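Trainee: Numbering (this note's numbering), first residue to last: 2 to 299.
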Amino acid sequence: MAFAKNVSSHPAFARFMPFVFVFLWSTGFVGAKFGLPYAEPFVFLLARFLIVIALMLPVVWLLGAKWPIRLRDALHIAVAGMLVHGIYLGGVFAAIAQGLPAGLSALIVGMQPVLTASVVGALLGEHVTRRQWMGLALGLVGVGLVLGPKIGGSSGITPVGILLAVGALFGMTAGTLYQKRFCTGMDLRTGTVIQYVAASIVVFLFALMSGESFQINWTTEFVLVMGWLVLVLSIGAIMLLMVLIKQGEATRVASMFYLVPPTAASLAWLLFDEHIGFIGLAGFAVAALGVALVMAKR
């Protein structure tokens, strides 16, 4: 643990790991698009969460990780898990399953930094500077430039899909703020298990309420997608996010999500031959500039 602590506090880690996180997080939208034909959204997530729990429990036991001593601390961790994993991922997967394009889902969730900054002062006592507000505005403009042209030509967009994506937006925003406020001292290993147990309960109830069949077509492609989502996103990227939240202000951490929609669009271009165009590339640059303004030291 001492080695991990030293690595996470190294200047190079602070400089590059946010962008590693952005890339990893962006692949989640592509993974959803690949995997949803083989399982309904909440059942898909339930299987994903249960596999994560099964993998993490032996790690916790072998490393002797400490569980929260107070029930209150465990409940705080569980609430954060319900919001970040259950509500956010549930909303995104259900929205895409409803026909909302993955890029548009990323665009809606990409509004998180503005929503975070609008409430962060009152909740966490963090001051958002004019430069940071300018960066947040630039980030929103950049996201719109990248994905705006896709909205007009998209098909299958329904009010239900949009509402589900908006619900995911609020879930991720609330979860990030709650994590920063109440869970920064949690052990990442045991905390991950608690959060996914809580999130499993949420998506299981959602699956029951929506009448999903609890059937999964375990094709080779689905197994590969599940492996990536479990190992790289649900374990690697989430732990990285928790470290970034612990070390940084909520507004600066949230600003990284502005780079997710452009990155997701770039991955879609590489994997599905979806054209980005000059305006999209310009939007990527504007979003990157916005993030730089928000994350720069005062």
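Using N, Cα and C, we set each Cβ at its ideal position, and we do this for glycine too.
Keep in mind the model is a prediction, meaning the values are calculated, not measured.
Express the C-alpha separation of F215 and A55 in angstroms, rounding to a whole number.
Mentor: Along the sequence shown, read from residue 1 onward, the residue named residue 55 stands at position 54. Along the sequence shown, read from residue 1 onward, the residue named residue 215 stands at position 214. Roughly 19 Å separates the two Cα atoms.
Trainee: Assuming contact is defined by CB atoms lying nearer than 8 Å, are I88 and G192 in contact in what I supplied?
Mentor: In the sequence shown, counting from the first residue as 1, residue 88 sits at position 87. In the sequence shown, counting from the first residue as 1, residue 192 sits at position 191. Cβ atoms of I88 and G192: not closer than 8 Å.
Trainee: Residue range of the alpha helix (DSSP H) that V198 falls in?
Mentor: Locating residue 198 in the sequence shown gives position 197, counting from the first residue. For V198, the enclosing alpha helix (DSSP H) begins and ends at 189-210.
Trainee: Which word fits P42, buried or exposed, when buried means at least 16 other C-beta atoms lie within 10 angstroms of its C-beta?
Mentor: The residue labelled residue 42 in the question sits at position 41 within the sequence shown. Buried is the call here.
Trainee: Tell me which same chain residues have a C-beta within less than 7 Å of the C-beta of L268, skipping the five on either side of it?
Mentor: Here residue 268 corresponds to residue number 267 of the sequence shown, with the count starting at 1. Answer for L268: S27, T28, V31, listed in chain order.
Trainee: Using the C-alpha atoms, what's the distance from A95 back to L170?
Mentor: For the purposes of this step, residue 170 is taken as residue 169 along the sequence shown, with counting starting at 1. For the purposes of this step, residue 95 is taken as residue 94 along the sequence shown, with counting starting at 1. Cα to Cα, the separation comes out at about 13 Å.
Trainee: Looking only at its own chain, which residues have a Cβ that is under 7 Å from the Cβ of I97, when we skip the five neighbours before and after it?
Mentor: For the purposes of this step, residue 97 is taken as the residue at position 96 of the sequence shown. Closer than 7 Å at Cβ, skipping near neighbours: A33, K34, L37, A103, S106.
Trainee: May I have the straight-line CA-CA distance separating L137 from V115, to the nearest angstrom?
Mentor: Within the sequence shown, numbered from 1, the residue matching residue 137 stands at position 136. Within the sequence shown, numbered from 1, the residue matching residue 115 stands at position 114. Whole-angstrom Cα-Cα distance: 6 Å.
Trainee: Nearest CA to the CA of W62: which residue from I246, L241, R190?
Mentor: In the sequence shown, residue 62 corresponds to position 61, counting from 1. Nearest option by C-alpha distance: R190.
Trainee: Please classify A40: does DSSP put it in a helix, a strand, or coil?
Mentor: Taking the first residue of the sequence shown as position 1, residue 40 is located at position 39. Note: A40 maps to strand in three-state DSSP.
Trainee: Identify the continuous alpha helix (DSSP H) that holds G91 and give its terminal residues.
Mentor: The residue labelled residue 91 in the question sits at position 90 within the sequence shown. G91 -> alpha helix (DSSP H) spans 91-98.
Trainee: Can you grab the Cα-Cα spacing for the pair L271 / L25, in whole Å?
Mentor: Within the sequence shown, the letter at position 270 stands for residue 271. Within the sequence shown, the letter at position 24 stands for residue 25. Computed Cα separation, rounded: 15 Å.
Trainee: Measure the alpha-carbon distance for A289 versus D74 and round it to whole angstroms.
Mentor: As a working note, residue 289 is residue 288 in the sequence shown. As a working note, residue 74 is residue 73 in the sequence shown. So the two alpha carbons sit approximately 36 Å from each other.
Trainee: Once the 5 residues before and after V161 are set aside, which same chain residues still bring their CB inside 6 Å of it?
Mentor: Position 160 of the sequence shown, counted from the start, is the residue given in the question as residue 161. Contacts found: Q99.
Trainee: State the beta-bridge partners of I217 as determined by DSSP.
Mentor: Position 216 of the sequence shown holds residue 217. Per DSSP, A40.
Trainee: Give me the Cβ distance between G92 and G212, rounded to the nearest whole Å; I'm assuming they're in contact under 8 Å.
Mentor: Here residue 92 refers to the residue found at position 91 when the sequence shown is read from its first residue. Here residue 212 refers to the residue found at position 211 when the sequence shown is read from its first residue. The pair is not a contact, with the Cβ atoms about 18 Å apart (cut-off 8 Å).
Trainee: Tell me which same chain residues have a C-beta within less than 8 Å of the C-beta of T185, skipping the five on either side of it?
Mentor: Taking the first residue of the sequence shown as 1, we reach residue 185 at position 184. For T185, where only same-chain residues beyond five positions count, the Cβ hits under 8 Å are I246, K247.
Trainee: Could you give the distance in angstroms between the alpha-carbon of A199 and the alpha-carbon of F279?
Mentor: As a first step, residue 199 must be located in the sequence shown, where it is residue number 198. As a first step, residue 279 must be located in the sequence shown, where it is residue number 278. If you take the alpha carbons of A199 and F279, they lie about 43 Å apart.
Trainee: Would you report the Cα separation of L76 and Q180, rounded to the nearest angstrom?
Mentor: What you label residue 76 is simply residue 75 of the sequence shown in a count that begins at 1. What you label residue 180 is simply residue 179 of the sequence shown in a count that begins at 1. If I take the Cα positions, the gap works out to 12 Å.
Trainee: Taking the alpha-carbon of A266 as reference, which of R131, G111, M240, T220 has the nearest alpha-carbon?
Mentor: The residue you call residue 266 lines up with position 265 of the sequence shown. Nearest of R131, G111, M240, T220 to A266, Cα basis: G111.
Trainee: How would you write the range of the alpha helix (DSSP H) that M173 sits in, first residue to last?
Mentor: Walking along the sequence shown from the start, residue 173 turns up at place 172. Here the alpha helix (DSSP H) through M173 covers 160-183.
Trainee: Run through DSSP, which three-state label would G281 get?
Mentor: Here residue 281 refers to the residue found at position 280 when the sequence shown is read from its first residue. Residue state, collapsed to three classes: helix.
Trainee: Could you pull the start and end residues of the alpha helix (DSSP H) that L234 belongs to?
Mentor: For the purposes of this step, residue 234 is identified with residue 233 of the sequence shown, where counting begins at 1. Counted as a single uninterrupted DSSP element, the stretch harbouring L234 is not any alpha helix (DSSP H), since DSSP gives it neither H nor E.
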